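Sequential numbering from 38 applies to the sequence shown in my numbering. Backbone N, C-alpha and C define an ideal beta-carbon position, used for all residues, glycine too. Given the structure is predicted, the values throughout are model-derived calculations rather than measurements. Accompanying notes for the structure given below.
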Amino acid sequence: MQKDLVRDIEHGMTLTAREIARSEALRSVLWHRVRAFMATRDLLVLPTVAVPPFPVDEPYPSEINGKPLDHYTQWFNLTYAITLTGLPAISIPCGFTRSGLPVGLQIVGRRRQEAAVLRAAAAFEAAAPWADHIPPLVTESTRGPFTALRT
Numbered sequence: 038m039q040k041d042l043v044r045d046i047e048h049g050m051t052l053t054a055r056e057i058a059r060s061e062a063l064r065s066v067l068w069h070r071v072r073a074f075m076a077t078r079d080l081l082v083l084p085t086v087a088v089p090p091f092p093v094d095e096p097y098p099s100e101i102n103g104k105p106l107d108h109y110t111q112w113f114n115l116t117y118a119i120t121l122t123g124l125p126a127i128s129i130p131c132g133f134t135r136s137g138l139p140v141g142l143q144i145v146g147r148r149r150q151e152a153a154v155l156r157a158a159a160a161f162e163a164a165a166p167w168a169d170h171i172p173p174l175v176t177e178s179t180r181g182p183f184t185a186l187r188t
């Protein structure tokens with residue numbers, strides 16, 4: 038496990054009941070704000086993460102668009118925030134970077150609208166002009182000095 042993740046888990050185990058209650062209250066505020074936002078929208082479509090794929094030997098990127106990260110989790114804040122709401126969401130391939138690496142699209146639905154999310158994902162994938170393109174794989178011959186692949 039990555040040392041930063043271990044540190045965060047250890048920190049979480051030291052939280053008091055009051056701190057946990059405050060965190061849950063903040064999560065509730067987020068949930069209500071997103072639910073109000075979604076009341077006038079069928080779906081929310083956004084990037085899955087804030088960076089293109091990074092090298093397999095890096096546990097996480099160090100910057101986003103040239104700006105250093107304050108915390109290692111910032112690169113996946115878009116996914117993390119949606120996860121906290123409990124709303125139905127899916128991440129699907131949506132294309133490739135200029136260097137041929139895959140990027141993802143996140144589709145978020147209203148509460149209990151899993152079917153709408155799945156229909157939108159299926160429609161997007163069916164319309165994708167790049168669906169037959171397969172990105173390069175990390176294999177024994179392409180991974181270089183790494184002794185094990187991360188999965």
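Kindly indicate which residue of the options has the alpha-carbon position closest to the one of residue i.
| i | options | result |
| --- | --- | --- |
| P198 | C131, Q143, G146, V86 | Residue 198 cannot be examined here, being either before or after the span of the chain that is shown, 38 to 188. |
| L106 | Q150, L121, V88 | V88 |
| Q111 | V93, V86, R135 | V86 |
| I5 | R156, R148, T134 | There is simply no residue 5 to check, as the chain begins at 38 and stops at 188 in what is shown. |
| I129 | L42, Q150, A164 | A164 |
| F133 | A152, E151, H170 | H170 |
| L42 | R72, A73, Y109 | Y109 |
Could you give the distance in angstroms between the alpha-carbon of residue i and the alpha-carbon of residue j?
| i | j | result |
| --- | --- | --- |
| Q39 | P96 | 7 Å |
| F161 | R55 | 44 Å |
| M75 | G123 | 13 Å |
| V140 | A158 | 15 Å |
| D94 | M50 | 29 Å |
| V154 | V66 | 23 Å |
| N102 | V145 | 25 Å |
| R70 | A58 | 18 Å |
| E47 | R64 | 21 Å |
| L138 | A73 | 35 Å |
Given residue i, which residues of its chain have a CB within under 6 Å of its CB, disregarding the five upstream and five downstream residues?
| i | result |
| --- | --- |
| F91 | P98 |
In the DSSP assignment, find the unbroken alpha helix (DSSP H) run with residue i in it and report its ends.
| i | result |
| --- | --- |
| A152 | 151-164 |
Leaving out five residues before and five after residue i in sequence, what residues of the same chain have Cβ atoms less than 7 Å from its Cβ?
| i | result |
| --- | --- |
| L83 | L115, Q143 |
| S136 | none |
By DSSP, does residue i sit in helix, in strand, or in coil?
| i | result |
| --- | --- |
| F183 | For F183, the pLDDT reaches just 44, beneath the cut-off of 50, and the residue's location in the model is therefore unreliable, leaving the point undetermined. |
| T188 | Reliability fails at T188, whose pLDDT of 43 lies under 50, so the model's placement of it is uncertain and no value is given. |
| I119 | helix |
| Q39 | coil |
| S128 | strand |
What is the residue span of the beta strand (DSSP E) that residue i lies within?
| i | result |
| --- | --- |
| L52 | Counting along the chain, L52 falls outside any beta strand (DSSP E), and DSSP gives it neither H nor E. |
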